[in-house]
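Visitor: So the protein lines, in turn, are chains B and A.
Here the first sequence is numbered in the UniProt record's numbering, starting from 1 and rising by one per residue.
Here the second sequence is numbered in the UniProt record's numbering, starting from 1 and rising by one per residue.
We treat Cβ as the ideally placed atom computed from N, Cα and C, and that holds for glycine.
Structure in structure tokens, see below.
Number of protein chains: 2
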Amino acid sequence: MAARTGRSPRRTESLSRERIVEAAVELLDSVGEGGLTFRALTERLATGPGAIYWHVANKGELLGAATEGVVAEAVAVKPGSADAPREEIRAVAFGLFDAIAEHPWLATQLSAQLSRSPLGMVTPRIFESIGRQVRALGVPEDGWFAATSALMHYILGAAGQHAANAAIGRDLGPGVDRGSYLDSVSTAWAQLDPDEYSFTRAVAGRLREHDDREQFLAGVDFILTGITSRGATATG
Amino acid sequence: MAARTGRSPRRTESLSRERIVEAAVELLDSVGEGGLTFRALTERLATGPGAIYWHVANKGELLGAATEGVVAEAVAVKPGSADAPREEIRAVAFGLFDAIAEHPWLATQLSAQLSRSPLGMVTPRIFESIGRQVRALGVPEDGWFAATSALMHYILGAAGQHAANAAIGRDLGPGVDRGSYLDSVSTAWAQLDPDEYSFTRAVAGRLREHDDREQFLAGVDFILTGITSRGATATG
DNA sequence: ACCTGAACACCGTTCAAGT
DNA sequence: ACCTGAACACCGTTCAAGT
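As structure tokens, then:
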């Protein structure tokens, strides 16, 4: 039976960049962005900080590698599928949506990462998987760049914000479920100043009913409609 | 002439939450997100950390207040204007776009802030200014929430990513201008693997030519088209 | 009520020394 | 080539003490 303890201190495999990044992802997932420290990492890997710095330049690079790994997995095309382009774009969008929901730290990291290095591989990877479907959609070539950029920006932005909202709902403690959390926000919106917030008050009820994924998809579809509608590719 | 030195150590006005937030914004603008430390803040305000903690609970609250102040200014409706709703939405979008371009730290903070407190005033403020125009656009009531959310998500997401890109261009050092930076990214994209990145390679040239604001606006217009096209408000 | 400033726990990173 | 672990500079935050 010799049950393995969850976190045995002995380290059999030697350290590697791969193992370090893996541990970083686990740490990010389990304790959040603030929980990824070199102290926690050295403990988990049963080593010292110097050993980590031998494989990784600094914390930023480590976060970059963690982000790239998770994103690569998320946007990977499922081998069998050859859906219509619209469906493929929805699939890529949901792939990222779910990845961010599963790894909430991705949201922050993606915006940080896209900024730090468009020369890195994260942006091209996402851009490519969306762009291929835009092309397949029959968008004229001079509209490819604008269409793909708009989709990518929306998907990353919206997925990040939905994930952030979901994270609150999760961290409320055992007594509060998602429904009652949305209720409280909805109620707060309904009590805003009637002059300054007439619109927000009017839709406060929708907040309670809305489905995150459905709403995320609605945005993707707005853009798809805009992209494929006649004349949409004209500039200016 | 008794010229006032830029940063005299004597502090005439007494400390206040307002002055602290103001100094935080200045610090964020001038030295970036990493530059906002309580050390730097105490020096600038000629005081001790305890004094700041008397007015502000912690660093998170300080960042929240800085964000809210700048956003409020950005989305404020210009009194004279009564443009068509489409133009108003473009104006709100550009207001946020420019605010983020001017205060790059806003991008990170907005996603952090929207997440931490939809009960706060940042989200409703943006939501309201966009939503009023959506209503004026004649979108049927059951589509208001989805349309406004999609626009808000796109605007915040895309503006943040454009600003991040712009920030790189800015930080390249005196020798490198924006044009040659885009050239280098464009060249890197053109050299990606032809099988894995056929689309990205094909549009690499567009990267060099593209105008950030124009492209940002194109995305807004895609969504506006999607929102106002027949049947767009039908759910799932 | 408002401010001072030393002190605390913790962080990322370095580096001489080991194998 | 790869790892150890003490040490360094810096961070956010606290709190007894002053006015």
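Give a yes or no on contact between the region 179–196 of chain A and the region 133–152 of chain A, applying the rule of three or more CB pairs nearer than 8 Å.
Guide: Flag = no, the region 179–196 of chain A and the region 133–152 of chain A do not touch.
Visitor: Kindly indicate if chain B contains any beta-carbon less than 8 Å away from that of Y53 of chain A.
Guide: Closer than 8 Å: no.
Visitor: Quick one: grab the DSSP three-state call for A147 of chain A.
Guide: Three-state result, A147 of chain A: helix.
Visitor: State the DSSP-derived secondary structure class of G48 of chain A, mapped to helix, strand or coil.
Guide: G48 of chain A falls in the coil class under three-state DSSP.
Visitor: Tell me the start and end of each unbroken alpha helix (DSSP H) in the UniProt domain "HTH tetR-type" (14–74) of chain B that is at least 4 residues and wholly inside, in chain order.
Guide: List check, alpha helix (DSSP H) in window: 17–31, 38–45, 49–55.
Visitor: Along chain A, which residues have their Cβ under 8 Å away from the Cβ of T200 of chain B?
Guide: Simply P124, F127, E128, G131.
Visitor: Determine the burial state of A204 of chain A: buried for a count of at least 16 other Cβ atoms within 10 Å of its Cβ, exposed for fewer.
Guide: Under this definition A204 of chain A is a buried residue.
Visitor: Return the chain-ordered list of same chain residues with a C-beta closer than 6 Å to the C-beta of A66 of chain B, the five sequence neighbours on each side being excluded.
Guide: The answer, listed in chain order, is V21, A24, V25.
Visitor: Measure from the C-beta of S16 of chain A to each C-beta in chain B and report whether the shortest distance is under 8 Å.
Guide: S16 of chain A does not count as touching chain B.
Visitor: Here's the rule I'm using: 16 or more other beta-carbon atoms within 10 Å means buried, otherwise exposed. How should V31 of chain A be labelled?
Guide: Per the 10 Å Cβ criterion, exposed.
Visitor: What would DSSP say about D195 of chain A, mapped onto helix, strand or coil?
Guide: Coil at D195 of chain A, not helix or strand.
Visitor: Can you pull the chain A residues whose beta carbon is under 7 Å from the beta carbon of F145 of chain B, in chain order?
Guide: Ordered by position in chain A, the residues that pass the 7 Å Cβ test against F145 of chain B are V203, R206, H210.
Visitor: Flag S180 of chain B as yes if its beta-carbon sits less than 8 Å from any beta-carbon of chain A, otherwise no.
Guide: No - not a single Cβ of chain A is within 8 Å of the one on S180 of chain B.
Visitor: Helix, strand or coil for G138 of chain B per DSSP?
Guide: Coil, per DSSP.
Visitor: What's the gap between the Cα of Q215 of chain B and the Cα of A158 of chain B?
Guide: Answer to the nearest angstrom: the Cα atoms are 10 Å apart.
Visitor: Okay, do the region 52–61 of chain A and the region 80–99 of chain A touch, 3+ Cβ pairs below 8 Å being the bar?
Guide: Short answer: they don't touch.
Visitor: Does the CB of L192 of chain A have a neighbour CB from chain B at under 8 Å?
Guide: Yes, because at least one Cβ of chain B sits closer than 8 Å to the Cβ of L192 of chain A.
Visitor: How would you call G50 of chain A, buried or exposed, if buried means at least 16 neighbouring beta carbons within 10 angstroms?
Guide: That one is exposed.
Visitor: Provide the residue span of the alpha helix (DSSP H) that contains P85 of chain A, from first to last.
Guide: From DSSP, the alpha helix (DSSP H) with P85 of chain A extends over 85–102.
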